[in-house]
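Q: Residues in the sequence shown are numbered consecutively from 91, following our numbering.
Note that the Cβ used here is the ideal one computed from N, Cα and C, for glycine as well.
Because the structure is a prediction, the values reported are computed rather than measured.
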Amino acid sequence: MRITRADKSVLSDWWFTVDRLMLVALMLLMGAGVVLSLAASPPIAEKLGLDQFHFVRRHVAMLLPAFAIMFAASTLTPKQIRRASLIIFVIGIALMVGILFVGPEVKGAKRWLHMGPIGIQPSEFVKPAFIVLSAWLFNESQKRKDVPGLELAILIYAVFALLLVLQPDFGQTLLISIVWGGLFFMAGINMIWIVVLIGLGVLGLLSAYFLLPHVASRIDRFLFPATGDTYQSDRSLESFLRGGWFGRGPGEGTVKDVLPDSHTDFIFAVAAEEYGLIACLILLILFAFIVLRGLSKASQESDGFIRHAIAGLVMLFGLQTLINMAVNVGLLPAKGMTLPFISFGGSSMLAMALTMGFTLGLTRKRPRAGRLEYSATAAHDGDPAKARGQTA
Numbered sequence: 091m092r093i094t095r096a097d098k099s100v101l102s103d104w105w106f107t108v109d110r111l112m113l114v115a116l117m118l119l120m121g122a123g124v125v126l127s128l129a130a131s132p133p134i135a136e137k138l139g140l141d142q143f144h145f146v147r148r149h150v151a152m153l154l155p156a157f158a159i160m161f162a163a164s165t166l167t168p169k170q171i172r173r174a175s176l177i178i179f180v181i182g183i184a185l186m187v188g189i190l191f192v193g194p195e196v197k198g199a200k201r202w203l204h205m206g207p208i209g210i211q212p213s214e215f216v217k218p219a220f221i222v223l224s225a226w227l228f229n230e231s232q233k234r235k236d237v238p239g240l241e242l243a244i245l246i247y248a249v250f251a252l253l254l255v256l257q258p259d260f261g262q263t264l265l266i267s268i269v270w271g272g273l274f275f276m277a278g279i280n281m282i283w284i285v286v287l288i289g290l291g292v293l294g295l296l297s298a299y300f301l302l303p304h305v306a307s308r309i310d311r312f313l314f315p316a317t318g319d320t321y322q323s324d325r326s327l328e329s330f331l332r333g334g335w336f337g338r339g340p341g342e343g344t345v346k347d348v349l350p351d352s353h354t355d356f357i358f359a360v361a362a363e364e365y366g367l368i369a370c371l372i373l374l375i376l377f378a379f380i381v382l383r384g385l386s387k388a389s390q391e392s393d394g395f396i397r398h399a400i401a402g403l404v405m406l407f408g409l410q411t412l413i414n415m416a417v418n419v420g421l422l423p424a425k426g427m428t429l430p431f432i433s434f435g436g437s438s439m440l441a442m443a444l445t446m447g448f449t450l451g452l453t454r455k456r457p458r459a460g461r462l463e464y465s466a467t468a469a470h471d472g473d474p475a476k477a478r479g480q481t482a
């Protein structure tokens with residue numbers, strides 16, 4: 091089927107207005123995720139007594155719903171994205187509260203909702219919705235003094251961050267705090283507020299260090315390796331040295347045999363050992379292209395909400411990528427954060443598809459209000475040629 095501009099269907103309208111370069115980069119990441127899943131997950135499956143390609147099949151099976159979510163989200167208008175975010179945020183927060191009381195405890199944390207064989211992590215889906223709502227509230231606080239946008243933005247942040255801490259999930263708390271702080275700064279809020287929030291952030295980190303032993307243990311092991319077990323970080327870093335520039339070859343790596351999280355948190359290390367630093371740099375370029383492309387689109391937007399929302403969503407995408415890669419090369423303590431579209435994880439992949447679907451939807455080409463007004467005036471004055479020229 092050939093899609094033309096004369097076709098007025100939803101698919102045709104989407105194809106000629108979506109950022110196709112960003113879309114291609116995202117599809118390439120999804121393809122790379124399948125290749126690296128084949129490299130990293132079979133040893134993990136065998137250790138768990140599962141079929142060798144159990145995780146590979148599940149990873150591939152999630153690609154279709156992930157792309158469907160990304161496509162559906164990218165067809166929405168900015169107003170529809172805002173409304174969808176409100177619904178997702180309310181439902182997600184309710185589920186996070188419920189999980190604290192009835193959810194199963196996995197590795198000392200309550201983050202998952204199990205529905206038969208399917209496990210869902212609601213906080214992953216709340217993240218993009220939270221960013222969109224925060225962008226809207228910050229923008230409203232700038233435009234309308236009668237709307238308590240700033241106060242509501244602080245309220246939804248406090249609720250979300252508190253629920254993440256109670257799970258506990260300090261890595262995600264740090265991630266959404268940084269992105270939210272970036273939006274706060276972009277909104278041009280009074281510097282006094284920024285100083286207060288930075289002070290509260292530092293106080294929160296110190297409190298977590300002195301009051302929570304497992305947080306203190308991770309930080310101590312990172313700063314002073316001799317004080318504890320740094321096995322995973324050491325093996326991950328060694329994989330980059332063994333892989334060199336061109337890698338040891340597909341299937342020839344050994345880090346996946348010794349790291350329990352090689353198909354999730356440390357899949358970047360598997361890529362380094364088997365495919366080399368060149369492949370890692372290609373992945374890094376793809377991620378960087380998507381982030382910079384999104385920020386470029388945001389800088390061209392005249393609508394404050396769209397500008398802030400795009401920037402926030404690509405910051406979320408980029409910072410999660412940066413944290414995962416930094417953990418793999420020993421620049422940050424282990425945080426249990428996936429590499430977008432690469433690591434195994436159903437909730438993470440679907441939620442990131444939603445995140446980038448919102449981004450594609452907000453960056454789609456839209457007629458500017460000024461051009462529409464001008465073309466309408468030209469048509470009223472009896473100059474259809476001029477009107478067509480302005481709306482082409």
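1. So A135 and Q142 are in contact, right, with Cβ under 8 Å, and what is the actual spacing, rounded?
2. Would you report the Cα separation of S267 and G278, rounded to the nearest angstrom?
3. Would you report the Cα separation of W283 and L154, rounded to the nearest angstrom?
4. Looking only at C-alpha atoms, which of G123, I181 and V108 sits nearest to T428?
5. Below 7 Å CB to CB, which residues in the same chain sit around I432 once its five sequence neighbours on both sides are set aside?
6. Can you give the beta carbon distance from Q262 to S213, rounded, assuming they're within the 8 Å contact cut?
7. To the nearest angstrom, report how far apart P258 and I178 are at their CA atoms.
8. Give me, in chain order, the residues of the same chain whose beta-carbon lies closer than 7 Å to that of A225; leave out the 5 immediate sequence neighbours on both sides.
9. From N418 to I171, what distance separates their C-alpha atoms?
10. Which residue from D347, G239 and Q390 puts its Cα closest to that of A129?
11. State the DSSP-derived secondary structure class of A248, mapped to helix, strand or coil.
12. Measuring alpha carbon to alpha carbon, tell me which residue in P430, F336 and A359 is nearest V381.
13. Going by DSSP, what residue range makes up the alpha helix (DSSP H) through G209?
14. Could you please give the first and the last residue of the uninterrupted alpha helix (DSSP H) stretch that includes H149?
15. If we count the other Cβ atoms within 10 Å of its Cβ and call it buried at 16 or more, is V192 buried or exposed?
16. By Cβ distance below 6 Å, which residues in the same chain neighbour G337 in space, the five residues on each side in sequence not counted?
17. By the 10 Å Cβ neighbour count, where 16 or more other Cβ atoms means buried, how is E230 classified, buried or exposed?
18. Using 10 angstroms around the beta-carbon of W335, count the other beta-carbons present and answer buried if the total reaches 16, otherwise exposed.
19. With distances taken from CA atoms, which of G408, L421, M415 and P423 is nearest M442?
20. Under three-state DSSP, which class holds H398?
21. Which residues in the same chain as V269 place their Cβ atom closer than 7 Å to its Cβ, once the five residues preceding and following it in sequence are excluded?
22. Measure the CB-CB distance between G436 and I208 and report whether it falls below 9 Å.
23. Contact check, L227 vs G239 under 8 Å by CB: the rounded distance?
24. Tell me the rounded alpha-carbon separation between R456 and T107.
25. On the DSSP letters alone, give me the boundaries of the beta strand (DSSP E) that L203 sits inside.
26. Out of H353, G384 and K425, which has the shortest C-alpha to C-alpha gap to H149?
27. Locate the alpha helix (DSSP H) running through L265, then write down its first and last residues.
28. I'd like to know whether the C-beta atoms of D109 and L450 end up nearer to each other than 9 Å.
29. For the alpha helix (DSSP H) that contains D236, what are its first and last residues?
30. Is V196 helix, strand or coil when you go by DSSP?
31. Determine the direct distance from the alpha carbon of A115 to that of I375, and round the result to whole angstroms.
32. Is DSSP giving K455 helix, strand or coil here?
33. Output the boundary residues of the alpha helix (DSSP H) element that contains M51.
34. Between the alpha carbons of I159 and V100, how many angstroms are there, rounded?
35. Could you name the residues of the same chain whose beta carbon sits closer than 7 Å to that of L515, not counting the 5 residues immediately before and after it, in chain order?
36. With burial defined as no fewer than 16 other Cβ atoms inside 10 Å of the residue's Cβ, what is the status of D355: buried or exposed?
A: Walking through what the data contain:
1. Within the sequence shown, numbered from 1, the residue matching residue 135 stands at position 45. Within the sequence shown, numbered from 1, the residue matching residue 142 stands at position 52. For a cut-off of 8 Å, the C-beta gap from A135 to Q142 is around 6 Å, short enough to register as a contact.
2. In the sequence shown, the residue the question calls residue 267 occupies position 177. In the sequence shown, the residue the question calls residue 278 occupies position 188. Taking the straight line from one Cα to the other gives about 17 Å.
3. Here residue 283 refers to the residue found at position 193 when the sequence shown is read from its first residue. Here residue 154 refers to the residue found at position 64 when the sequence shown is read from its first residue. Between W283 and L154, the C-alpha separation is close to 44 Å.
4. Counting from 1 along the sequence shown, the entry for residue 428 is found at position 338. G123 is the residue among G123, I181 and V108 whose C-alpha sits nearest the C-alpha of T428.
5. Sequence index remark: in the sequence shown, residue 432 carries index 342 (1-based). Closer than 7 Å at the Cβ level, and outside the excluded window around I432, lie L119, A122, G123, L126 and I357.
6. As a first step, residue 262 must be located in the sequence shown, where it is residue number 172. As a first step, residue 213 must be located in the sequence shown, where it is residue number 123. The distance from the Cβ of Q262 to that of S213 is about 6 Å, consistent with a contact at the 8 Å cut-off.
7. Numbered from its first residue, the sequence shown carries residue 258 at position 168. Numbered from its first residue, the sequence shown carries residue 178 at position 88. Taking the straight line from one Cα to the other gives about 21 Å.
8. Residue numbering aside, residue 225 sits at position 135 when the sequence shown is read from its first letter. Around A225: L273, F395, H398, A399 and G402.
9. For the purposes of this step, residue 418 is taken as residue 328 along the sequence shown, with counting starting at 1. For the purposes of this step, residue 171 is taken as residue 81 along the sequence shown, with counting starting at 1. A straight-line Cα-Cα distance of about 34 Å links N418 and I171.
10. Along the sequence shown, read from residue 1 onward, the residue named residue 129 stands at position 39. Of the candidates D347, G239 and Q390, the one whose C-alpha sits nearest the C-alpha of A129 is D347.
11. The residue you call residue 248 lines up with position 158 of the sequence shown. Secondary structure at A248: helix, using DSSP grouped into helix, strand and coil.
12. Working through the sequence shown from its first residue, we reach residue 381 at position 291. Measuring C-alpha to C-alpha distances from V381 to each of P430, F336 and A359 identifies P430 as the nearest.
13. Against the sequence shown, residue 209 aligns to sequence position 119. Looking at the DSSP string, G209 is not in any alpha helix (DSSP H); the run it does join, the beta strand (DSSP E), is I208 to I210.
14. As a working mapping, residue 149 is identified with position 59 in the sequence shown. Per DSSP, H149 belongs to the alpha helix (DSSP H) from H144 to S164.
15. Position 102 of the sequence shown, counted from the first residue, corresponds to residue 192. Exposed, by the Cβ-count rule.
16. As a first step, residue 337 is located in the sequence shown; it is residue number 247 there, counting from the start. Once the five neighbours on either side are set aside, the close Cβ partners of G337 are E364, Y365 and G366.
17. Working through the sequence shown from its first residue, we reach residue 230 at position 140. Under this definition E230 is a buried residue.
18. To locate residue 335, count along the sequence shown from 1; it is residue 245. Residue burial is scored here from C-beta neighbours: W335 has fewer than 16 other C-beta atoms within 10 angstroms and is therefore classed as exposed.
19. The residue given as residue 442 occupies position 352 in the sequence shown. When each option's Cα is compared against that of M442, the closest is G408.
20. Reading the sequence shown from its first residue, position 308 is the one you call residue 398. Here H398 sits in helix by DSSP.
21. Here residue 269 corresponds to residue number 179 of the sequence shown, with the count starting at 1. If we look at V269 and ignore the five residues flanking it on each side, its Cβ neighbours are I221, G402, M405, L406 and L409.
22. Start at 1 with the first residue of the sequence shown, and residue 436 comes out as number 346. Start at 1 with the first residue of the sequence shown, and residue 208 comes out as number 118. Taking 9 Å as the cut-off, the Cβ atoms of G436 and I208 count as close.
23. To locate residue 227, count along the sequence shown from 1; it is residue 137. To locate residue 239, count along the sequence shown from 1; it is residue 149. The beta-carbon distance between L227 and G239, rounded to whole angstroms, is 4 Å. This is short enough to meet the 8 Å contact definition.
24. Residue 456 sits at position 366 when you count from the first residue of the sequence shown. Residue 107 sits at position 17 when you count from the first residue of the sequence shown. Approximately 7 Å between the Cα atoms of the pair.
25. Sequence index remark: in the sequence shown, residue 203 carries index 113 (1-based). L203 to M205 is the extent of the beta strand (DSSP E) around L203.
26. Numbered from its first residue, the sequence shown carries residue 149 at position 59. Answer by Cα proximity: H353.
27. The sequence position of residue 265 within the sequence shown is 175, counting from 1. Taken as a continuous stretch (DSSP letters only), the alpha helix (DSSP H) holding L265 covers F260 to M276.
28. By one-based count along the sequence shown, residue 109 stands at place 19. By one-based count along the sequence shown, residue 450 stands at place 360. Yes, Cβ-Cβ distance for D109 and L450 is below 9 Å.
29. Here residue 236 corresponds to residue number 146 of the sequence shown, with the count starting at 1. Per DSSP, D236 lies in no alpha helix (DSSP H) and is assigned neither H nor E.
30. To locate residue 196, count along the sequence shown from 1; it is residue 106. Residue state for V196 is assigned as strand, using DSSP reduced to three classes.
31. Looking up residue 375 in the sequence shown gives position 285. Looking up residue 115 in the sequence shown gives position 25. Take the alpha-carbon of I375 and the one of A115: they are about 10 Å apart.
32. Looking up residue 455 in the sequence shown gives position 365. In this structure, K455 counts as coil in the three-state DSSP scheme.
33. The first residue shown for the chain is 91 and the last is 482, placing residue 51 beyond what the model contains.
34. Position 69 of the sequence shown, counted from the start, is the residue given in the question as residue 159. Position 10 of the sequence shown, counted from the start, is the residue given in the question as residue 100. Separation of I159 and V100 (C-alpha to C-alpha, rounded to the nearest whole angstrom) is 15 Å.
35. Shown here, the chain extends from 91 to 482; a query on residue 515 therefore has no answer.
36. If you number the sequence shown from 1, residue 355 lands on position 265. Under this definition D355 is a buried residue.
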